[in-house]
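FYI, the numbering for the sequence shown is 600 to 969, going by this note's numbering. Every residue, glycine too, gets a C-beta built ideally from N, C-alpha and C. Since this is a predicted model, take the numbers as computed values, not measurements. Down below is the structure, laid out as structure tokens.
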Amino acid sequence: MKGLKFVLILVAAFGFLFFTSCDPLDDTRPVIDEGLVINEIYASGEDWIELYNTLETSVNIGGYFIYDNAAAKYKIPSGTTIPAKGFLVLLCNDLGTGLNTNFKLTSAGETVYLENADGTLIDRIEFPELSAGQTYGRYPDGSSNLAISGTPTQGATNGGNQTPAIVTTTREPIVPGLNQVVTIKSTLVSTQGLASVKLYYRFNTGVFTSTAMTLQSGFYTATIPAQSVTGKVEYYLEAEGTNGLKSYEPATAPNKVLNYLLNTDALPQLFVNEFMAFNSSCCPDNSSGTNEFDDWIEIYNAGSVDVNIGGMYVSDNKANPFKYKIPDDEPELTTIPAGGFLIIWADNQSEQGALHADFGLANAGEDVGI
600 MKGLKFVLIL VAAFGFLFFT SCDPLDDTRP VIDEGLVINE IYASGEDWIE LYNTLETSVN
660 IGGYFIYDNA AAKYKIPSGT TIPAKGFLVL LCNDLGTGLN TNFKLTSAGE TVYLENADGT
720 LIDRIEFPEL SAGQTYGRYP DGSSNLAISG TPTQGATNGG NQTPAIVTTT REPIVPGLNQ
780 VVTIKSTLVS TQGLASVKLY YRFNTGVFTS TAMTLQSGFY TATIPAQSVT GKVEYYLEAE
840 GTNGLKSYEP ATAPNKVLNY LLNTDALPQL FVNEFMAFNS SCCPDNSSGT NEFDDWIEIY
900 NAGSVDVNIG GMYVSDNKAN PFKYKIPDDE PELTTIPAGG FLIIWADNQS EQGALHADFG
960 LANAGEDVGI
């Protein structure tokens, strides 16, 4: 494929760990943006959910659904409207009437869903564990930048983009071995009010240890000590502003964390065998029920044994090799037989299933790796 480069970045046997509540995480529907978002969540007392209308016109949300359990959706009363660039607060108190939902939230963290009157999913937020007085919201209002705040702003603006946000994280070496120090580097935006950046790590099931990340040559950098025995290292990053707002990598850490395994196993013989960018007519993806001509990446297993790629990563950026983690809970989908092939759709629609990466490919040329 002219103009495109193949790069093999083999990252074996590591991924995120999931410590979540009993959410319906099998809901793989894509989110359809209609301009209405879940803007802020308070779950450590008198719970509430704030909705925000990003549009220039008012929106009638009568008949819309809000819920944390698909079996018990709350229908918003008819005639309920949100003004242009305005807010609406729903109290989560089990009353099930008016602007009082039929459910409460758990401060341990869970997922909240918003559907329109037709049942189309228009927003979904998974929020992490929240302490008393903390909220989880979008900074600024309606943006994709999510952070924990110690200053709830119920029914009012969340302010400007004042939360330091972690945008890239890398690990050196990518596949650590025994007795190797591992360097974690990160880049941030909105650092004007930055108070601290910390790396949290632990070996196996120990307690997380924190260490300060210092700015070195444009990257916030810290190291994880070498380990002399096999096991699992878990880690996540935290950036805190002087205003008390925090952001994490991964976004819902410590519920979800980055990790890698230290072992003596040989790496599987996996290759990026072929891929297509700017697809318009070849090999339709019908995961959504209709044929979509999405970009795709083909992985080839050149080995003599089957390989489950669940827990590995695919990426189109060598500086960020952990861009999309292939889910590790569907081996029937993610196992490549010896001498076999597997297609991963690069369609930026990870909600459609395990084999849908959350990025697309550029036809101008880029690197692709697993």
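Nearest-angstrom Cα distance between residue i and residue j?
{"i": "N757", "j": "E714", "result": "23 Å"}
{"i": "C621", "j": "T820", "result": "Caution applies to C621, whose pLDDT of 33 falls short of 50 and renders its modelled position unreliable; the model cannot decide the point."}
{"i": "M911", "j": "N659", "result": "43 Å"}
{"i": "D946", "j": "S816", "result": "34 Å"}
{"i": "T829", "j": "L635", "result": "47 Å"}
{"i": "G661", "j": "K672", "result": "14 Å"}
{"i": "N701", "j": "A811", "result": "43 Å"}
{"i": "Q972", "j": "A731", "result": "Here the chain has residues from 600 to 969 only, and residue 972 is not among them."}
{"i": "Y651", "j": "D957", "result": "25 Å"}
{"i": "V856", "j": "I908", "result": "18 Å"}
{"i": "S809", "j": "P853", "result": "12 Å"}
{"i": "S903", "j": "E771", "result": "29 Å"}
{"i": "Y800", "j": "T679", "result": "46 Å"}
{"i": "D893", "j": "A683", "result": "34 Å"}
{"i": "I665", "j": "P676", "result": "11 Å"}
{"i": "T786", "j": "T768", "result": "7 Å"}
{"i": "H955", "j": "K922", "result": "12 Å"}
{"i": "R723", "j": "G695", "result": "21 Å"}
Sort the options by Cα distance to residue i and report the nearest one.
{"i": "R628", "options": "A953, G843, K831 and G959", "result": "A953"}
{"i": "Y859", "options": "I773, L793 and S827", "result": "I773"}
{"i": "G754", "options": "N699, F686 and T762", "result": "F686"}
{"i": "Y899", "options": "G792, L869, Y641 and E645", "result": "L869"}
{"i": "W647", "options": "S706, N872 and G678", "result": "S706"}
{"i": "T656", "options": "V788, G695 and I681", "result": "I681"}
{"i": "S886", "options": "F874, Y835, K831 and I942", "result": "I942"}
{"i": "E709", "options": "A642, I765 and T653", "result": "A642"}
{"i": "A838", "options": "L694, A746 and V688", "result": "A746"}
{"i": "T752", "options": "E725, P763 and R737", "result": "R737"}
{"i": "V766", "options": "S789, D894 and M875", "result": "S789"}
{"i": "P920", "options": "E929, L787 and I969", "result": "I969"}
{"i": "N803", "options": "V796, Q826, K917 and D632", "result": "Q826"}
{"i": "T750", "options": "V781, N699, K924 and L729", "result": "L729"}
For residue i, count neighbouring C-beta atoms within 10 Å of its own C-beta (all shown protein chains included) and say buried if the count is 16 or more, exposed if not.
{"i": "V913", "result": "buried"}
{"i": "D884", "result": "buried"}
{"i": "G691", "result": "Reading the sequence as shown, one finds Cys at residue 691 and not Gly. Buried, because 16 or more other Cβ atoms sit within 10 Å of the Cβ of C691."}
{"i": "N778", "result": "exposed"}
{"i": "I721", "result": "buried"}
{"i": "S880", "result": "exposed"}
{"i": "S846", "result": "buried"}
{"i": "A794", "result": "exposed"}
{"i": "T933", "result": "buried"}
{"i": "K703", "result": "exposed"}
{"i": "F877", "result": "exposed"}
{"i": "V711", "result": "buried"}
{"i": "V906", "result": "buried"}
{"i": "F940", "result": "exposed"}
{"i": "E649", "result": "buried"}
{"i": "P930", "result": "exposed"}
{"i": "G840", "result": "buried"}
{"i": "A865", "result": "exposed"}
{"i": "D667", "result": "buried"}
{"i": "L814", "result": "exposed"}
So the alpha helix (DSSP H) residue i belongs to, where does it begin and stop?
{"i": "L932", "result": "P930 to T933"}
What first and last residue would you give for the beta strand (DSSP E) that runs through residue i?
{"i": "I686", "result": "Contrary to the premise, residue 686 reads as Phe rather than Ile in this sequence. Its beta strand (DSSP E) spans residues F686 to L690."}
{"i": "Q815", "result": "T813 to Q815"}
{"i": "V856", "result": "K855 to L861"}
{"i": "A794", "result": "L793 to F802"}
{"i": "E965", "result": "Counting along the chain, E965 falls outside any beta strand (DSSP E), and DSSP gives it neither H nor E."}
{"i": "Y663", "result": "Looking at the DSSP string, Y663 is not in any beta strand (DSSP E), and its letter there is neither H nor E."}
{"i": "F818", "result": "F818 to I823"}
{"i": "E837", "result": "G830 to G840"}
{"i": "E897", "result": "D894 to N900"}
{"i": "E649", "result": "W647 to N652"}
{"i": "A945", "result": "F940 to A945"}
{"i": "F870", "result": "L869 to M875"}
Only counting runs of 3 or more residues, tell me where the beta strand (DSSP E) segments fall wholly within the segment 731-757, in order along the chain. 734-737 and 745-748
Continuous beta strand (DSSP E) assignments of at least 3 residues falling wholly in the segment 681-727: 686-690, 709-714 and 720-726
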